[in-house]
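Here full-length UniProt numbering is used: position 253 in the sequence shown is 253, and no number is missing along the way.
Backbone N, C-alpha and C fix where the C-beta goes; we use that ideal spot for every residue, glycine too.
The model shown is predicted, which means the values in this text are computed figures rather than measured ones.
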Amino acid sequence: MRLLLKILLLFLLALTKAEEERPPTAAANVTDQTDLTGYTEGPCDSSPCVGPSICEERFGGIAVCRCRRGMAYLASVGCIQAKFFPATLTLEGEFNEDMADPTSEQFLNKTAEIEMELNLLLSGNGYLKSIVLSLRSLLYRSDSIIAEVQSFYDLSSSATSQSVKELFKNSAVFSNYQEGNLCDDACDPTNTDCASVNGIVMCDCKDGYVSSDFSQYSCFPCPNGEKAVKNKCEKCPFGFGGFNCNEPYLLVVVVVSSVLGALLIIFITAFIVVSCRNKNPSSSSQENYASKDLPKPTSVPRIPRANPDAIKTTNNLEMTNSDSSTVLVNRSRPESKAHYSGYYEDTDYRTPVSPAYADYGEKATDNGGIRNPYFRKEDDKIHNY
């Protein structure tokens, strides 16, 4: 088994080595040569334009350098700011559909003709150049050509929109001069407001943006944590951030945290106070109620009674030491009615004295048991306090 595996492994290695050493085919050589020789360098591949300009290809391998709207391209310096006057012109001629293609021969020839006529018409007073942007025809007519053009003057020139318009009135080639809007695609609409005066475009920064030395047609926002004040970036007040200090998230967090902290302190304090009050065994409300067990009066002495069963004895009074100068009876000693039960049961205060108590004394015999109108039976009973 191992021998078969070794033979199979050697066969695979030999096959792989043979594939690597095989020479390339003729078809492969033809393909490689076609790829190398079929590429043609374009007019814009060598970057012929200077500065921040855009290279556009024209018919015959011609490169044309274009600047952004409002700037003129000079071969020596590149894009420069200048006075410019956009317009649409009408001229006589047969319109060919190929003229609408900027890379066609017809477009190249017609634009060269128009630019030459413009240079002759507008020369002088600081005139720089004119360019043709597009060609089109009138609707449903092909006997006229409409050209969109831009004419540039030096910034020191006295040329105005009105003076340029007067020059076209005297032209025998161009007709129907219509002045264009200088602010179309001149300034960045997201962060600038465009204004134009005598062919000069001015891009004013919107609120929250500041100008930059790198571009005069767009403005830039301040970094996070700063805001634009008089075209300068200043730090945001405490608690604010984001674009132009419009996000008060930090201030909200600080205020909410302070309020929650104060509420937490109040809650903890109230909890401690309530816990301390609950530790007291008695409350003030319970102290206002009197005890249900009424004590015996301490200031009113009990009147001692005579014991009828011990008349013969010399000490027939229930005298008890109560350790008090006012109370004559010991409170802890239980009271008993045993000595007086017979008296209360047999004696009627509305009838003469019972014979059993007739010899109680002379007073009893003399009174004859006359009822005392001021005596109440309840007063003679022993009260338990």
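Under the assumption that residue i contacts residue j (Cβ atoms under 8 Å), give the Cβ distance between them as a whole number of angstroms.
i, j, result
"alanine 87", "glycine 180", "5 Å"
"methionine 55", "cysteine 67", "It is worth fixing the name first, because residue 55 is cysteine in this sequence and not methionine. Going by Cβ atoms, the distance from cysteine 55 to cysteine 67 rounds to 11 Å, so no, they are not a contact pair."
"cysteine 205", "asparagine 231", "7 Å"
"lysine 235", "glycine 225", "6 Å"
Going along the chain, which residues of its own chain have a beta-carbon closer than 6 Å to the beta-carbon of residue i, five neighbours each way excluded?
i, result
"isoleucine 131", "Gln150"
"phenylalanine 95", "Ser137, Ser142, Ile145"
"tyrosine 127", "Tyr153"
"glutamate 21", "Residue placement at glutamate 21 is poorly supported in this model, since its pLDDT is 47, which falls under 50; the coordinates still yield a value, given next. Taken in chain order, the list of residues that qualify is empty."
"valine 164", "Phe85"
"glutamine 162", "none"
"glycine 93", "Ile145"
Consult DSSP for residue i and reduce its assignment to one of helix, strand or coil.
i, result
"glutamate 247", "strand"
"leucine 138", "coil"
"arginine 69", "coil"
"cysteine 262", "Sequence check: residue 262 is alanine here, not cysteine. In the structure shown, alanine 262 sits in a helix (DSSP, three-state: H, G or I)."
"asparagine 278", "helix"
"valine 255", "helix"
"glutamate 97", "helix"
"leucine 182", "coil"
"alanine 112", "helix"
"asparagine 119", "helix"
"alanine 270", "helix"
"glutamine 150", "strand"
"glutamine 81", "strand"
"leucine 128", "strand"
"proline 24", "Bear in mind that the predicted position of proline 24 carries a pLDDT of just 48, short of 50, making it unreliable; the figure below should be weighed with that in mind. Looking at proline 24 - three-state DSSP - the assignment turns out to be coil, as it is neither helix nor strand."
"glutamate 57", "strand"
"valine 164", "helix"
"glutamate 105", "helix"
"lysine 169", "helix"
"cysteine 187", "coil"
"glycine 241", "strand"
Can residue i and residue j be called in contact, C-beta distance under 8 Å?
i, j, result
"glycine 42", "glutamate 57", "yes"
"tyrosine 209", "alanine 186", "no"
"glutamate 247", "valine 173", "no"
"tyrosine 177", "leucine 89", "yes"
"serine 134", "glutamate 148", "yes"
"cysteine 183", "valine 201", "yes"
"threonine 192", "cysteine 219", "yes"
"alanine 82", "leucine 167", "no"
"glycine 239", "valine 254", "yes"
Report all residues from its chain with a CB closer than 8 Å to the CB of residue i; omit the five preceding and five following residues, and keep chain order.
i, result
"proline 237", "Cys245"
"glycine 60", "Glu105, Leu108"
"serine 53", "Cys65, Arg66, Cys67, Tyr73, Gly78, Cys79"
"isoleucine 62", "Pro43, Leu108"
"serine 46", "none"
"serine 157", "Lys83, Asn125, Gly126, Tyr127"
"aspartate 98", "Ser104, Glu105, Gln106, Phe107"
"tyrosine 217", "Arg68, Gly70, Ala186, Cys187, Asp188, Thr192, Val201, Cys203"
Could you pull out every residue in the same chain whose Cβ sits closer than 7 Å to the Cβ of residue i, ignoring the five residues on either side in sequence?
i, result
"alanine 159", "Lys83, Asn125, Gly126, Tyr153, Gly199"
"serine 211", "Cys205, Cys219, Asn231"
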